[in-house]
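Quick notes on the structure that follows.
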Amino acid sequence: LSLESKLRRAVEHEQLVLHYQPAIDIQTGRINGLEALIRWEDPDHGLVLPLSFIPLLEETGMIMQVGEWALKKAVSDAVAWQAKGFGPMKVAVNVSTVQLHDRGFVGLIEHVVKDNGDVAYALELEITESLVMKDIVSNIQKLRVIRQMGVSVAIDDFGTGYSSLSYIAKLPANTLKIDRMFVMNMASSAEDQSIVSTIISLAHSLDMRVVAEGVETDEQARLLRMLKCDEVQGFLYSPAVPAQEVEALLFEHR
Ligand code: G
Ligand code: G
Ligand code: MN
Ligand code: NA
């Protein structure tokens, strides 16, 4: 069977699952949000990571169906955790370029949020910097409407996309997520540390929050706190875990 037909079968048989990685508020130590990360539970090969199949989902157009499923599943999971008393819960869902460029995208977001009881506050969309800049004028329009609904927007992998400063200021985004490439080397590279520091100042001056991705060591966490980063995400705190394990994480960080 080709990868494509295996993937098609996996989509039909609901073998795709969402795992969640927490983002921790660096001041309070509490979980501020959960990033949904898709995985493929292949009966033959075990857990398959998205880099090996997201591009194929995009090429074949299957990403539309899968992306819609991920949005609905993540929001309904957030609502369920909230119903169990864990406080207002926000899930971040990664959005592909194919989805963002679809004419029905804004309508889909509205639908997902309304269907779960007007829970716009429970959803954040993650869009990579390079994607958002590609069709910037039309993307700004769409994201503005989405923000007006009360849904949050995060710019993912920030620092790798060659954005022009004038566009960053116009982005209707709540959050910048610093790419883990810079975080990885910040303890050993003065250059990477100054890039991280600059992104944090830029975000704050534009009234955005900053999340550092890929935090793996206490030293990185210490530097990020010193530089006034708002949130941290990475293996130091937790990898992405299956939905059933999220409650234990929420309890641990309550
Ligand atoms: O764990 P990690 O291997 O989960 O993720 C690798 C990449 O796959 C990341 O860049 C992430 O943004 C992307 N990704 C994970 N889940 C989704 C999803 O549901 N939709 C899209 N478009 N990308 C995703
Ligand atoms: O592009 P995006 O930021 O959505 O990708 C998230 C990816 O980063 C996922 O593949 C996730 O598993 C991975 N990831 C999360 N935390 C860490 C970390 O601390 N170190 C490394 N190397 N990867 C991480
Ligand atoms: Mn992401
Ligand atoms: Na990222």
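Position one of the sequence shown corresponds to residue 843 (UniProt numbering), numbered consecutively onward. Just so it is clear, CB atoms sit at the ideal spot from N, CA and C, and this is done for glycine as well.
Contact under 8 Å by Cβ, residue i with residue j
i, j, result
"residue 992", "residue 1041", "no"
"residue 885", "residue 873", "no"
"residue 925", "residue 875", "no"
"residue 921", "residue 959", "yes"
"residue 1029", "residue 1061", "yes"
Distance cut-off 7 Å: residue i Cβ against heavy atoms of ligand 3
i, result
"residue 936", "yes"
"residue 968", "yes"
"residue 886", "no"
"residue 877", "yes"
"residue 1097", "No statement about residue 1097 is possible, as the shown extent of the chain runs from 843 to 1096 and does not include it."
"residue 960", "no"
Whole-angstrom C-beta distance between residue j and residue i, which should lie under 8 Å
i, j, result
"residue 1054", "residue 1074", "5 Å"
"residue 1057", "residue 862", "Not quite, the Cβ-Cβ distance comes to about 17 Å (not below 8 Å), so this is no contact."
"residue 999", "residue 976", "Actually they do not touch by this definition, with Cβ atoms about 13 Å apart."
"residue 968", "residue 937", "7 Å"
"residue 996", "residue 966", "6 Å"
Residue(s) in a DSSP beta bridge with residue i
i, result
"residue 1052", "1018"
"residue 882", "858, 890"
"residue 1084", "861"
Check: residue i C-beta below 7 Å from any heavy atom of ligand 2
i, result
"residue 1076", "yes"
"residue 930", "no"
"residue 941", "no"
"residue 1003", "no"
"residue 863", "yes"
Residue i: CB within 7 Å of a non-hydrogen atom of ligand 1
i, result
"residue 1069", "no"
"residue 892", "yes"
"residue 909", "yes"
**Study point:** Meets three-Cβ-pair contact criterion under 8 Å: the stretch 905-920 and the stretch 947-964
**Key:** yes
Review point. Counting Cβ pairs closer than 8 Å, one from the stretch 982-989 and one from the stretch 1013-1024, do we hit at least three?
Key: yes
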